Amino acid sequence: AQTINTSEASYSKADIKQAIVRHLHSTLGTDENKADNHAWWKATSAAMQELVLERLRTTQKTHYMNDTRAVHYFSAEFLMGRLLSNNMHNFNLFETADAALKELGVELADVLEEEPDMALGNGGLGRLAACFIDSLATMELPAIGYGIHYEHGLFRQEIKNGAQIERPDSWRDYGNPWEICRPESIQEVPLFGYVETKYGENGRVQKEWHPGNIVKGVPWDIPIVGYGAKTVNVLRLWQSESSDYFNWDVFNSGGYVDAQRENIQAETISKVLYPNDETEAGKELRLIQQYFFCACSLKDIIRRYKRAHGDDWSRFSEQVVIQLNDTHPAIAIPELMRILVDRAELDWDTAWGICSKTFAYTNHTLLPEALERWPVRMIEKILPRHIEIIYEINHRFLTLVEKKWPGDNVMKAKLSIIEESTEKMVRMGNLSVIGSFAVNGVAEIHSKLVKENLFPEFEELWPGKLTNVTNGITPRRWLKACNPLLSELIGKKIGDDWPSDLPRLDKLSEFADNKTFQNQFMKVKQKNKEALAAEIKHQTGISVDTKAIFDIQIKRLHEYKRQHLNLLHIMALYRRLLENPDYDMHPRVFIFGAKAAPGYTLAKDIIFAINKVADKINNDPRVNHKIKVVFLPNYRVSLAEKMIPAADVSQQISTAGKEASGTGNMKLALNGAVTIGTLDGANIEIAEEVGDDNIFIFGMTVDEVTKLSTKGYNPYDIYYQNKELKAVLDWLDSDYFTPGQPGALSSLKNSMLSGGDPYMCLADFESYSEANKALDSAYRDKPRWAKMAILNTAKMGKFTSDRSIADYVERIWKLTPCEVN
Ligand code: 26V
22 AQTINTSEAS YSKADIKQAI VRHLHSTLGT DENKADNHAW WKATSAAMQE LVLERLRTTQ
82 KTHYMNDTRA VHYFSAEFLM GRLLSNNMHN FNLFETADAA LKELGVELAD VLEEEPDMAL
142 GNGGLGRLAA CFIDSLATME LPAIGYGIHY EHGLFRQEIK NGAQIERPDS WRDYGNPWEI
202 CRPESIQEVP LFGYVETKYG ENGRVQKEWH PGNIVKGVPW DIPIVGYGAK TVNVLRLWQS
262 ESSDYFNWDV FNSGGYVDAQ RENIQAETIS KVLYPNDETE AGKELRLIQQ YFFCACSLKD
322 IIRRYKRAHG DDWSRFSEQV VIQLNDTHPA IAIPELMRIL VDRAELDWDT AWGICSKTFA
382 YTNHTLLPEA LERWPVRMIE KILPRHIEII YEINHRFLTL VEKKWPGDNV MKAKLSIIEE
442 STEKMVRMGN LSVIGSFAVN GVAEIHSKLV KENLFPEFEE LWPGKLTNVT NGITPRRWLK
502 ACNPLLSELI GKKIGDDWPS DLPRLDKLSE FADNKTFQNQ FMKVKQKNKE ALAAEIKHQT
562 GISVDTKAIF DIQIKRLHEY KRQHLNLLHI MALYRRLLEN PDYDMHPRVF IFGAKAAPGY
622 TLAKDIIFAI NKVADKINND PRVNHKIKVV FLPNYRVSLA EKMIPAADVS QQISTAGKEA
682 SGTGNMKLAL NGAVTIGTLD GANIEIAEEV GDDNIFIFGM TVDEVTKLST KGYNPYDIYY
742 QNKELKAVLD WLDSDYFTPG QPGALSSLKN SMLSGGDPYM CLADFESYSE ANKALDSAYR
802 DKPRWAKMAI LNTAKMGKFT SDRSIADYVE RIWKLTPCEV N
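Heads up, the final residue of the sequence shown is numbered 842 in UniProt numbering, and it's a clean run with no missing numbers.
Right under this line is the structure:
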């Protein structure tokens with residue numbers, strides 16, 4: 022409907038049409054008659070990319086001229102999703118492009134569906150990185166994201182006979198229109214080999230690392246368009262390649278050569294994203310991946326710094342701040358020390374002074390199995406110089422500990438970077454805390470637990486270093502772009518400034534009781550439900566009633582997230598309906614989306630169980646007018662964008678203390694879903710914002726969970742005392758859901774009984790069931806529910822990632838925006 026004015030670009034509908042057709046002809050070598058939707062997608066993206074690159078050049082020139090301090094966001098994962106729609110929205114060209122394509126006889130919606138998701142991440146941590154770089158560009162902050170250019174992102178999930186099958190993801194198979202290769206910035210990364218100790222003239226000990234292998238890092242840049250398209254930052258992803266250069270001298274000069282030589286196929290380093298989430302794998306290749314992208318990124322940063330400041334290192338930490346997204350990039354700390362001490366020949370204290378003013382670290386989980394530890398022997402082999410540096414960092418640190426707690430060896434053992442187990446391990450969390458000037462958790466409760474349970478000794482040693490920055494989500498992707506109907510309604514009511522000023526949504530609160538607005542709001546929800554119902558039909562063949570409650574649980578499959586608690590409750594409802602066909606409940610569709618790590622057997626068993634229970638219920642005419650269960654395969658960013666706008670209910674039911682923050686909880690509430698959840702992660706802060714009347718809280722608190730496990734938790738007590746729960750669990754042992762295969766679902770029951778029910782599903786079941794009843798009756802009160810839904814949207818202002826970034830800037834990064842004209 023409108024043209025957009027950035028300083029250099031002003032695109033009308035005619036301009037866009039012309040650019041698209043031009044790319045169809047001269048970039049794709051086809052024409053309007055032959056082009057399929059995929060070709061239209063490429064041509065449209067190429068047309069957008071022209072504008073994007075123009076703003077990128079201007080941004081980079083401006084940042085260079087102003088010699089700005091910048092944040093460097095180091096993350097092994099960036100879960101970007103699709104970019105075309107996002108870039109159009111951020112250039113305010115979505116409607117114009119839609120109209121342009123219509124005149125060419127093409128539907129923009131179909132074109133957008135051609136884009137493969139860029140799924141270079143597992144879940145929360147990777148998607149957070151994507152939201153953060155969006156906000157950084159929107160807020161005109163100088164920033165760069167650094168990560169890995171995986172050839173294959175997170176696997177594609179297929180469901181065969183109810184079970185998950187993993188298929189390779191190939192997001193670049195037919196070329197990616199957004200990425201630009203930068204061969205002029207290739208870096209070389211040393212690996213393996215040995216360290217030689219030399220003595221300089223002044224008696225200075227000089228260490229020289231003779232690597233056994235050198236690989237090349239090739240940078241690919243993805244432009245990140247801020248809302249309004251003033252600043253365009255970059256995400257720089259490194260691809261590994263074998264290097265022409267190989268230090269043959271090393272191998273020609275000693276008998277130890279064969280022992281030192283390690284052959285890794287250079288190309289495999291960036292081949293595939295590790296699909297684990299919250300479980301440490303300890304695989305050598307993963308450590309190499311981590312070092313590879315950190316080494317490339319640091320060299321890139323230093324090259325840029327030297328261009329402006331030469332060999333004067335004194336201003337490095339004024340210009341450069343590096344945020345470590347979990348411990349995955351923690352090896353960057355000893356790598357920077359190596360460069361400063363061995364290469365720049367700074368003395369240790371000067372180098373450490375710089376280093377420890379450069380890094381900040383975000384913790385994303387407390388689960389012990391997710392805390393990274395590497396065998397000393399593995400680091401020794403792959404990075405022989407780094408293990409020396411890690412020991413030196415530790416030695417000096419423990420001297421400090423000795424000063425603070427003389428003779429306290431228990432304290433030293435807890436704080437040491439090295440864990441003295443049978444197999445000595447390097448604790449990457451401890452290394453990260455010691456090497457950073459700030460450490461943060463991702464929600465209030467989580468940060469409190471980081472201080473009290475994970476790093477209490479560090480909190481005592483360095484009070485103030487541990488802090489909180491509550492997560493957020495970008496409202497551009499997670500409301501404006503994914504929910505156009507609601508966005509339009511909001512715009513009509515309170516104006517169009519909310520996407521970059523989300524707290525403005527609170528203005529909707531005054532209409533929460535307004536009949537007309539309630540009707541409009543719920544009509545939008547209804548339309549979104551109809552669209553999702555069509556998608557469900559298309560993907561699974563299942564028909565669902567759009568007047569039913571759309572109840573959604575979407576997240577990685579993990580026991581602590583308790584998809585199986587949700588399933589137990591569904592089975593309980595099924596029983597109630599079989600026992601009493603008049604059991605009073607509003608029809609409800611339970612919708613799941615979740616990927617399980619390929620090696621996580623119980624998680625896969627839970628997916629299987631959901632699908633088997635779904636089959637039975639959906640085909641049982643006695644109940645299928647009341648309950649339906651849908652498992653949508655291949656949950657990913659683009660599917661989330663279709664599910665979230667259609668949700669009535671958001672399931673956030675982790676065992677209290679286990680979910681660090683959650684961000685899906687924010688996305689769903691923002692789109693008017695009401696949460697049923699535990700007092701965990703950001704749910705607590707969501708409850709504070711929306712108020713107790715507009716959320717269904719159930720279950721044990723963190724303190725109650727702790728008390729119960731201290732006292733000794735025995736799930737059998739509950740099993741024998743709750744008849745319904747017992748019947749439901751026993752049902753899993755029968756062949757009712759898996760005809761002819763009794764026991765096919767028994768692993769689930771066992772995990773919650775003989776397995777000790779580590780996440781306390783049984784302990785929370787009754788409370789969950791009661792909360793569900795309350796939810797059901799609230800839904801049947803139409804005005805009450807409409808009010809709740811509206812207030813959920815209205816009260817989500819706090820959870821914009823712009824606020825998270827503002828917190829990082831103020832508390833940690835100390836950046837100033839740089840206006841790009
Ligand atoms: C661990 C590992 C271990 C090695 C293999 C690869 C891999 C990948 C990821 C992880 C841990 C991921 C931790 C994580 O994603 N935490 C989530 O972070 C979200 C953003 O802060 C937060 O909202 C979620 O609650 C938290 O679970």
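Ideal Cβ positions, reconstructed from N, Cα and C, are used throughout, including at glycine. In this text, all values refer to a predicted model and were calculated from it rather than measured experimentally.
Exercise for review: Go ahead and pull the three-state DSSP assignment for G275.
Suggested key: A caution first: G275 carries a pLDDT of 49, below 50, which makes its placement in the model unreliable, though a value can still be read off. Coil.
Review point. Which same chain residues, not among the five before or five after Y829, have their C-beta less than 7 Å away from its C-beta?
Key: These residues qualify, in order along the chain: V490.
Review point. What's the gap between the Cα of I322 and the Cα of E179?
Key: Across the structure, I322 and E179 are spaced so that their CA atoms are roughly 41 Å apart.
Exercise for review: Have a look at Q311, E444, E441 and flag the residue whose alpha-carbon is nearest the alpha-carbon of I403.
Suggested key: Restricting attention to Q311, E444, E441, the CA atom closest to the CA of I403 is found in Q311.
Review point. At which residues does the alpha helix (DSSP H) containing V226 begin and terminate?
Key: Bounds of any alpha helix (DSSP H) do not take in V226; it lies within the beta strand (DSSP E) bounded by 226 to 231.
Review point. Mapping DSSP to helix, strand and coil, what is L404?
Key: In this structure, L404 counts as coil in the three-state DSSP scheme.
Review point. Quick one: does the C-beta of R307 sit closer than 8 Å to a heavy atom of the ligand 26V?
Key: Yes, the ligand 26V has a heavy atom inside 8 Å of this Cβ.
**Study point:** Ordered list of beta strand (DSSP E) runs contained in the region 376 to 402, each at least 3 residues
**Key:** Runs of the beta strand (DSSP E) inside the region 376 to 402: 380 to 383, 394 to 396.
Exercise for review: Pull up the DSSP beta-bridge partners for I343, would you.
Suggested key: According to DSSP, which records beta bridges pairwise, I343 is partnered with H93, F380.
**Study point:** Contact set for D279: own chain, Cβ-Cβ below 6 Å, skip 5 residues either direction
**Key:** Since pLDDT at D279 reaches only 46, below the 50 mark, its modelled position is unreliable, and the value read off the structure follows with that caveat. Annotation for D279: no residue places its beta carbon closer than 6 Å to its own, counting only its chain and skipping 5 residues before and after.
Point to revise | First and last residue of the uninterrupted alpha helix (DSSP H) at N451 | key: Its alpha helix (DSSP H) spans residues 449 to 456.
Practice item. Report yes or no: do the region 314 to 330 and the region 105 to 118 share at least 3 C-beta pairs separated by less than 8 Å? Key: No, the region 314 to 330 does not touch the region 105 to 118.
Exercise for review: Classify L594 as buried or exposed, calling it buried when 16 or more other Cβ atoms lie within 10 Å of its own Cβ.
Suggested key: So L594 counts as buried.
Review point. With 16 as the cutoff for other CB atoms within 10 Å, does C202 come out buried or exposed?
Key: Classification for C202: exposed.
Check your understanding: Cα separation between Y656 and K663?
Key -> Our two residues, Y656 and K663, have alpha carbons roughly 11 Å apart in a direct line.
Review point. With contact counted as at least three CB pairs below 8 Å, one residue from each stretch, are the region 629 to 648 and the region 181 to 194 in contact?
Key: The region 629 to 648 vs the region 181 to 194: in contact.
Exercise for review: On a CA-only basis, which of V255, H231, W230 is nearest I165? Give me that one, please.
Suggested key: The shortest C-alpha to C-alpha distance from I165 to any of V255, H231, W230 is the one to V255.
Point to revise | DSSP-derived helix/strand/coil call for Q178 | key: If DSSP states are grouped into helix, strand and coil, Q178 belongs with the strands.
Check your understanding: According to DSSP, what are the bridge partners of E209?
Key -> Per DSSP, the beta-bridge partners of E209 are K237.
Review point. Do I716 and I707 come within 9 Å of each other at the CB atom, strictly closer than that value?
Key: I707 places its beta carbon less than 9 Å from that of I716.
Practice item. Return the first residue and the last residue of the alpha helix (DSSP H) that residue 6 is part of. Key: The chain is shown from 22 up to 842; residue 6 falls before or after that span and cannot be answered.
Exercise for review: Could you tell me if the beta carbon of S682 falls within a distance shorter than 8 Å of some heavy atom in the ligand 26V?
Suggested key: Yes - the ligand 26V has a heavy atom lying nearer than 8 Å to the Cβ of S682.
Review point. Is it buried or exposed for G276, if we count other Cβ within 10 angstroms and need 16 for buried?
Key: Because the pLDDT at G276 is just 41, under 50, the model does not fix this residue reliably, and the value given afterwards should be weighed accordingly. Per the 10 Å Cβ criterion, exposed.
Review point. Which full runs of the beta strand (DSSP E) of 3+ residues lie inside the region 478 to 543, going along the chain?
Key: Listed in chain order, they are 487 to 489.
Check your understanding: Tell me, which residues are paired with A140 by DSSP?
Key -> According to DSSP, A140 bridges with L100.
Review point. How big is the Cα-Cα spacing for L100 and G493?
Key: Cα-Cα distance, rounded: 15 Å.
Review point. What's the C-alpha gap between S730 and V341?
Key: In a straight line, the C-alpha of S730 is about 45 Å away from that of V341.
Exercise for review: Let me know if P355 comes out buried or exposed under the rule of 16 or more other beta-carbons within 10 Å of its beta-carbon.
Suggested key: Buried.
Practice item. Quickly, what does DSSP pair F652 with across the bridge? List them, please. Key: BP columns for F652 point to F613.
**Study point:** Neighbour-count burial assignment, H407, 16 or more Cβ in a 10 Å radius
**Key:** Flag for H407 reads buried.
Practice item. On a CA-only basis, which of L294, R359, W395 is nearest G303? Give me that one, please. Key: Considering only alpha carbons, the answer is W395.
Review point. Between the C-alpha atoms of R398 and T443, what's the straight-line distance to the nearest angstrom?
Key: If you take the alpha carbons of R398 and T443, they lie about 12 Å apart.
Point to revise | Reduced DSSP category for M817 - H, G, I as helix; E, B as strand; rest coil | key: In the structure shown, M817 sits in coil (DSSP, three-state: anything other than H, G, I, E or B).
Exercise for review: Tell me the start and end of each unbroken alpha helix (DSSP H) in the region 687 to 725 that is at least 4 residues and wholly inside, in chain order.
Suggested key: Runs of the alpha helix (DSSP H) inside the region 687 to 725: 704 to 711.
Exercise for review: Please go through the same chain and pick out, in chain order, the residues whose beta-carbon is closer than 6 Å to the beta-carbon of I612, but skip the five residues on each side of it.
Suggested key: Same-chain partners within the cutoff: I573, V651.
Review point. Is it buried or exposed for T798, if we count other Cβ within 10 angstroms and need 16 for buried?
Key: The displayed chain sequence assigns Ser, not Thr, to residue 798. Exposed is the call here.
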